[in-house]
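**Student:**
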Amino acid sequence: GGPALIQLAGLGDYTFVVRRLMMWPLARDHGIACLILQCPFYADRKPSWQRGAKLERVSDLLAVGNATIEETLLLIQWLREHLFGPIGL
1 GGPALIQLAG
11 LGDYTFVVRR
21 LMMWPLARDH
31 GIACLILQCP
41 FYADRKPSWQ
51 RGAKLERVSD
61 LLAVGNATIE
71 ETLLLIQWLR
81 EHLFGPIGL
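Numbering follows the numbering used here, in which position 75 of the sequence shown is assigned residue number 75; successive positions increment by one, without gaps.
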């Protein structure tokens, strides 16, 4: 248990580098569990046909948003079931 933070990616945030640097002191110095969510269509989660970080269709942006919401809700549920809290986004 204990406090937890879910860090979502900004639009076009292709890697974890900056978010990992931001969250490391929270974990190290304050014991906050830090989860970094990688968006669909980016990095290892992009479709094989996609080139770079550019989305092909407007519907892809909607898919990214919907998946981010659903995955975040599931992470919050998992954290609560494992007695983490408070939970920040």
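Ideal Cβ positions, reconstructed from N, Cα and C, are used throughout, including at glycine.
The model shown is predicted, which means the values in this text are computed figures rather than measured ones.
What three-state label does DSSP hand Gly69 in the structure shown?
**Tutor:** Residue 69 sits at position 69 when you count from the first residue of the sequence shown. Residue identity differs from the one stated: residue 69 is Ile in this sequence, not Gly. Of the three classes helix, strand and coil, the one that applies to Ile69 here is helix, per DSSP.
**Student:** Below 8 Å, how does it come out for the region 3-12 and the region 34-46: are there three or more Cβ pairs, yes or no?
**Tutor:** In short, these stretches touch, since the Cβ pair count reaches three.
**Student:** In this structure, does DSSP put Ile87 in helix, strand or coil?
**Tutor:** For the purposes of this step, residue 87 is taken as residue 87 along the sequence shown, with counting starting at 1. Three-state result, Ile87: strand.
**Student:** Can Val64 and Pro40 be called in contact, C-beta distance under 8 Å?
**Tutor:** One-based indexing of the sequence shown puts residue 64 at position 64. One-based indexing of the sequence shown puts residue 40 at position 40. Cβ atoms of Val64 and Pro40: closer than 8 Å.
**Student:** From the DSSP output, read off the bridge partner residues of Ala33.
**Tutor:** Against the sequence shown, residue 33 aligns to sequence position 33. DSSP output for Ala33 lists Ala4 as bridge partner(s).
**Student:** Helix or strand or just coil, what does DSSP make of Glu81?
**Tutor:** Counting from one through the sequence shown, the residue named residue 81 turns up at place 81. Reduced to three states, the DSSP call for Glu81 is helix.
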